[in-house]
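A.B. asks: Sharing a structure below in structure tokens format, with a few things to ask.
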Amino acid sequence: MNYSADTWFFLQLVNKHSKAIAIWKEIIEDKSRLLVSTVVIAETVKRFLMKNLKKELEDLLVNLKNSEKILIAEVTTEIANDAGKYAYSYGMTVVDGIILSTALKMDYKNIISIDEHFEQAEKQKLMKRIFW
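In my numbering, the protein residues as written are 167 to 298.
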């Protein structure tokens, strides 16, 4: 399965939630792929530093950079343009708009997120939220 990560996924992973660990294992074992927008990395860095999780952050960033199963997506002009439209249309933050836009552009439509901002896009069957 192709997943897109919201910051929530990495917070669940560092908290050792069994579902997050199971998805991470799928990715590491080459059964699934993960898409991570650079804005998610920025949010994750902030959240991990706020929780004083420097070692965990360092380990995560190394894994993200070195894994062939994880695609890091930069924000292009096209993604930014679409993100602004999604943010406006669905009443979501620009960051969530970027996550959605990136997921749709790259065809990684299973977004691991508890964020309710994605509900309208999910109702329109643009994507599916994975959460627990």
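Just so it is clear, CB atoms sit at the ideal spot from N, CA and C, and this is done for glycine as well.
Looking at the unbroken alpha helix (DSSP H) that takes in residue 219, where does it start and where does it end?
C.D. replies: Segment: none, residue 219 is in no alpha helix (DSSP H) and carries neither H nor E.
A.B. asks: Using only the alpha-carbon positions, how far apart do residue 231 and residue 204 sit?
C.D. replies: In a straight line, the C-alpha of residue 231 is about 11 Å away from that of residue 204.
A.B. asks: Give the list of continuous alpha helix (DSSP H) stretches no shorter than 4 residues that lie fully inside the stretch 177-228.
C.D. replies: Those alpha helix (DSSP H) runs which fall completely within the stretch 177-228 and span 4+ residues are 184-194, 204-216.
A.B. asks: With a threshold of 16 other CB atoms inside 10 Å of the CB of residue 239, please say whether the residue is buried or exposed.
C.D. replies: With 16 or more other Cβ atoms within 10 Å, it is buried.
A.B. asks: Note down the Cα distance separating residue 193 from residue 219, rounded to an integer number of angstroms.
C.D. replies: Each residue's Cα considered, the two are about 23 Å apart.
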